[in-house]
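*Asks:* The numbers in UniProt numbering rise by one with no breaks, and the one at position 68 of the sequence shown is 68. Structure below; questions to follow.
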Amino acid sequence: MSIAFVIIDTCVLFLPVVREYSYSTVLFIFAALAVIYFLTAIFLLPNQRQNSGRDRAALEGIRKYSRNIA
């Protein structure tokens with residue numbers, strides 16, 4: 001239900017933002033957010049090739065000794 005509220009709030013705010021700034025500005029904002037999400041996925045999420053062939057205990061042991069980002 002909270003996801004629906006976020007979607008509705010985004011839809012409600014979209015047209016006033018477009019009216020204020022223009023479609024091209026909104027497009028560039030969305031493109032910048034997509035780049036940020038892409039870089040987050042590349043650098044902060046674990047690599048699937050590094051984790052293949054290991055059981056869960058081995059992966060948790062690796063996580064215990066890795067640096068804490070948060």
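Where a beta carbon is used, it is the ideal one built from N, C-alpha and C, also for glycine.
Are the CB atoms of residue 158 and Val-26 nearer to each other than 8 Å?
*Replies:* Residue 158 cannot be examined here, being either before or after the span of the chain that is shown, 1 to 70.
*Asks:* Nearest-angstrom Cα distance between Ala-70 and Leu-45?
*Replies:* Per-residue confidence for Ala-70 stands at a pLDDT of 49, beneath the threshold of 50, marking its modelled position as unreliable; the derived number appears in the next sentence. For Ala-70 and Leu-45, the distance between alpha carbons rounds to 13 Å.
*Asks:* Between which two residues does the alpha helix (DSSP H) holding Leu-15 run?
*Replies:* 2-21
*Asks:* At the level of alpha carbons, what is the spacing between Ile-29 and Phe-14?
*Replies:* The C-alpha of Ile-29 lies about 12 Å from the C-alpha of Phe-14.
*Asks:* In angstroms, rounded to a whole number, what distance separates the CA positions of Ala-41 and Ile-3?
*Replies:* 21 Å
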